[in-house]
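Visitor: Supplied in structure tokens, the structure appears directly below.
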Amino acid sequence: MNKLRIGIAGLGTVAQGVLDLVRTNGSLMTSRTGIELVVQRIASRSVKPGVDLLGAVFSLDVHDLVADPEVDVILELIGGEGLAKELIESALAAGKPVVTANKAVIAAHGDQLLAGGKVLLRFEAAVAGAIPIIQSMNQGLAANRIDAIYGIINGTCNYMLTVMEEEGLVFDQVLSQAQELGYAEADPTFDIEGIDAAHKLTILAALGFGTSYDYSALYVEGIAQITVEDIQYAKELGFKIKHLGIAVQSEVGLETRVHPALVPVSALLASVNGVMNAVQVVSDGAGEILFSGPGAGGAATASAVLADVLSLGSLFVAGPTDAAQSQVQGTPSSCAVSEISRVAMDDVFSACYLRIPTLDRPGVFAQVASTLSAHSISIEAVIQKEHPGGDGSVSIVIMTHIVVESVVNAALTELSALDSVVGEIIRIRVAPTH
Ligand SMILES: NC(=O)c1ccc[n+]([C@@H]2O[C@H](COP(=O)([O-])OP(=O)(O)OC[C@H]3O[C@@H](n4cnc5c(N)ncnc54)[C@H](OP(=O)(O)O)[C@@H]3O)[C@@H](O)[C@H]2O)c1
Numbered sequence: 033m034n035k036l037r038i039g040i041a042g043l044g045t046v047a048q049g050v051l052d053l054v055r056t057n058g059s060l061m062t063s064r065t066g067i068e069l070v071v072q073r074i075a076s077r078s079v080k081p082g083v084d085l086l087g088a089v090f091s092l093d094v095h096d097l098v099a100d101p102e103v104d105v106i107l108e109l110i111g112g113e114g115l116a117k118e119l120i121e122s123a124l125a126a127g128k129p130v131v132t133a134n135k136a137v138i139a140a141h142g143d144q145l146l147a148g149g150k151v152l153l154r155f156e157a158a159v160a161g162a163i164p165i166i167q168s169m170n171q172g173l174a175a176n177r178i179d180a181i182y183g184i185i186n187g188t189c190n191y192m193l194t195v196m197e198e199e200g201l202v203f204d205q206v207l208s209q210a211q212e213l214g215y216a217e218a219d220p221t222f223d224i225e226g227i228d229a230a231h232k233l234t235i236l237a238a239l240g241f242g243t244s245y246d247y248s249a250l251y252v253e254g255i256a257q258i259t260v261e262d263i264q265y266a267k268e269l270g271f272k273i274k275h276l277g278i279a280v281q282s283e284v285g286l287e288t289r290v291h292p293a294l295v296p297v298s299a300l301l302a303s304v305n306g307v308m309n310a311v312q313v314v315s316d317g318a319g320e321i322l323f324s325g326p327g328a329g330g331a332a333t334a335s336a337v338l339a340d341v342l343s344l345g346s347l348f349v350a351g352p353t354d355a356a357q358s359q360v361q362g363t364p365s366s367c368a369v370s371e372i373s374r375v376a377m378d379d380v381f382s383a384c385y386l387r388i389p390t391l392d393r394p395g396v397f398a399q400v401a402s403t404l405s406a407h408s409i410s411i412e413a414v415i416q417k418e419h420p421g422g423d424g425s426v427s428i429v430i431m432t433h434i435v436v437e438s439v440v441n442a443a444l445t446e447l448s449a450l451d452s453v454v455g456e457i458i459r460i461r462v463a464p465t466h
């Protein structure tokens, strides 16, 4: 029997999920892998008397995990960037492997933490919860050139858009409901403004395309401007609105962007609803693969955390630390040799949905159409109906043909300045297709 002694930093949702899964499935894991997981030590800032620590030593200082010679592997489950980064660095410096669920720390500091290809840092749980996407990218798809990655990688956004579509509830109502159900944080900023999804896309782009872990290089938009009206118009046009992380390799470079997007109702991603996550990977050999599953929650995330722990454990069982190091050296994440050129958002091409609130008077549509035409934007479809609010305005909804972002931006500025346009113009890009 090979014992692997784990030290856990944090005692929140994910850490408790790990304890529950070790308690219920520990013997199963041992019979499958030959590794007996022992929770040796837990360190968190507050005591939780009701939680079964499985006999682990408890302390309040997470640095105790690094100092304890009886801890073989450290699980960083506190979140955030400051202390988490410090803990990961000190553990790695002490030669202890680390498993983290922390997308923020990897998206911001991955290059540094993974530098040199000699680190034992795993982060399966950082992207899309239970879905084994990191392992799939690193190993299962290792023989392929990746062409595109599309992800529904924020469960809060997907839940909110789904409920808005199915129940017709407005954004604020759905947000309150999501908070009551525990699907959204009390401060939902990270989720609804797209930051969480951007952290995850940063990691996926690094794995798929060898980019640096540079969260700031992404274009990011959240879902706050999406209305039930837009969802209904999109449906009439044959689309669903999804909040997508998109990393696409084109002839001119790599697009990395996070924003609401129109997805054809027939597309695989259109059927991923509620809090579910999905990642679609398009590659030359394997074609289109859709990974789908729960993206959050204690048990689901613990599944990914423990997958990392067991895979590290099996390397230790197979041989000394060197074996593990050589395995990690082989991952695409640590093999990036040169930074790929990124396409600036202004240079991205997409078809667009535009909802333009206008005065209900003759000649307005002609004015809008002629402004678009002056920018060489051609129209594919139009919907024009009375505004449901009955305030005298009408929404002109236009689907454009594919056009470059900078041209749409210029046209939107001009349209907004028309005195017949009486509110904010909503623009939603159509997701690229392969
Ligand atoms: N929840 C999910 O579904 C999910 C899914 C995927 C990834 N993740 C990631 O997993 C990580 C943990 O998430 P979580 O949901 O478990 O968070 P959480 O419930 O807030 O738990 C965090 C734990 O860390 C402790 N902690 C925070 N700061 C600390 C400090 N300075 N010193 C010592 N302990 C500290 C907290 O103590 P208190 O108990 O005193 O607050 C809490 O026990 C995050 O990186 C998150 O992004 C979470």
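Mapping of the sequence shown onto this note's numbering: residues 33 to 466, in sequence order.
Every residue gets a Cβ at the ideal spot worked out from N, C-alpha and C, and that includes glycine.
As the structure is a computational prediction, the values presented were derived from the model and not from experiment.
(1) Alpha carbon to alpha carbon, how far is Arg393 from Leu233? Give it in angstroms, no decimals.
(2) I'd like the list of long-range same chain contacts for Ala356, defined as Cβ closer than 6 Å, with 5 residues on each side in sequence excluded.
(3) Rounded to whole angstroms, what is the Cα-Cα separation between Ala41 and Ser76?
(4) Please report how far the alpha carbon of Tyr215 lies from the alpha carbon of Asp223, in whole angstroms.
(5) Roughly how many angstroms separate the alpha carbons of Gly87 and His466, rounded to a whole number?
(6) Please classify Glu253: does DSSP put it in a helix, a strand, or coil?
(7) Exposed or buried, which one is Asn190 when buried takes at least 16 other CB atoms within 10 Å?
(8) In its own chain, which residues sit with a C-beta less than 8 Å from the C-beta of Ile411, not counting the 5 before and 5 after it?
(9) DSSP state of Tyr215, grouped into three classes?
(10) Please report how far the alpha carbon of Leu386 lies from the alpha carbon of Ile458, in whole angstroms.
(11) Note down the Cα distance separating Lys274 from Leu250, rounded to an integer number of angstroms.
(12) In whole angstroms, what is the alpha-carbon distance linking Thr56 and Gly330?
(13) Counting Cβ pairs closer than 8 Å, one from the segment 67 to 74 and one from the segment 128 to 143, do we hit at least three?
(14) Indicate, with yes or no, if ligand 1 has a heavy atom lying under 8 Å from the CB of Gly142.
(15) Is Asn190 near ligand 2, in the sense that its beta carbon is under 8 Å from a heavy atom of that ligand?
(16) Count the other CB atoms, across all protein chains shown, that sit within 10 Å of the CB of Gln144; report buried if there are 16 or more and exposed otherwise.
(17) Mapping the DSSP letters down to three states, classify Ser358 as helix, strand or coil.
(18) What's the gap between the Cα of Ile278 and the Cα of Leu173?
(19) Taking the beta carbon of Leu301 as the centre, do at least 16 other beta carbons fall within 10 Å, making it buried, or is it exposed?
(20) Taking the alpha carbon of Ala318 as the reference point, which residue from Val130, Ala160, Arg177 has its own alpha carbon closest?
(21) Since I believe Pro164 is in contact with Ala339 (beta carbons under 8 Å), could you give me their beta-carbon distance rounded to a whole number of angstroms?
(22) What are the complete alpha helix (DSSP H) segments, minimum 4 residues, inside the segment 171 to 209?
(23) Check for me: the alpha helix (DSSP H) holding Ser405 runs from which residue to which?
(24) Can you confirm whether Val89, when its beta carbon is compared against all beta carbons of chain C, has any partner nearer than 9 Å?
(25) Arg37 by DSSP, collapsed to three states: which one?
(26) With respect to the alpha helix (DSSP H) encompassing Asn441, which residues constitute its N-terminal and C-terminal limits?
(27) With respect to 8 Å, is the separation between the Cβ of Thr234 and the closest non-hydrogen atom of ligand 1 below this value?
(28) Name the one or two DSSP bridge partners that Gln416 has.
(29) Ala126 to Gly306, Cα distance in whole Å?
(30) For the alpha helix (DSSP H) containing His466, list its first residue and its last residue.
(31) Could you name the residues of the same chain whose beta carbon sits closer than 6 Å to that of Asp100, not counting the 5 residues immediately before and after it, in chain order?
(32) Spatial neighbours of Val439 within its chain, please: C-beta separation below 8 Å, excluding the five flanking residues on both sides.
(33) What first and last residue would you give for the beta strand (DSSP E) that runs through Gly277?
(34) Suppose contacts are defined by Cβ-Cβ distances below 9 Å. Is Leu69 in contact with Leu342 by that definition?
(35) Taking 8 Å as the cut-off, does the CB of Arg73 come closer than this to any heavy atom belonging to ligand 1?
(36) Does the Cβ of Asn34 have 16 or more other Cβ atoms within 10 Å, making it buried, or fewer, making it exposed?
Guide: Reading off the structure:
(1) 44 Å
(2) Confidence in Ala356 is poor, its pLDDT being 47 and thus under 50, which makes the residue's placement unreliable; the coordinate value appears in the next sentence. Closer than 6 Å at the Cβ level, and outside the excluded window around Ala356, lie Leu152, Leu347.
(3) Rounded to whole angstroms, Ala41 to Ser76 spans 6 Å at the Cα level.
(4) 10 Å
(5) 52 Å
(6) coil
(7) So Asn190 counts as buried.
(8) Ala401, Leu404, Ile430, Met431, Thr432, His433
(9) coil
(10) 6 Å
(11) 18 Å
(12) 14 Å
(13) no
(14) no
(15) The model depicted lacks ligand 2 and carries ligand 1 instead.
(16) exposed
(17) For Ser358, the pLDDT reaches just 45, beneath the cut-off of 50, and the residue's location in the model is therefore unreliable, leaving the point undetermined.
(18) 18 Å
(19) When all chains shown are included, Leu301 counts as buried.
(20) With respect to the C-alpha of Ala318, the residue from Val130, Ala160, Arg177 having the closest C-alpha is Arg177.
(21) For Ala339 against Pro164, the beta-carbon gap comes to about 6 Å, under 8 Å, which counts as contact.
(22) 187 to 199
(23) 396 to 406
(24) The structure shown has no chain C; it contains just one protein chain.
(25) strand
(26) 437 to 448
(27) Not so, every heavy atom of ligand 1 lies at least 8 Å from the Cβ.
(28) Looking at the DSSP assignment, Gln416 forms a beta bridge with Ile428.
(29) Answer to the nearest angstrom: the Cα atoms are 42 Å apart.
(30) Here His466 belongs to no alpha helix (DSSP H), and DSSP marks it neither H nor E.
(31) Arg73
(32) His407, Ser408, Ile409
(33) 271 to 282
(34) In this structure, the beta-carbon distance from Leu69 to Leu342 falls below 9 Å.
(35) no
(36) Per the 10 Å Cβ criterion, exposed.
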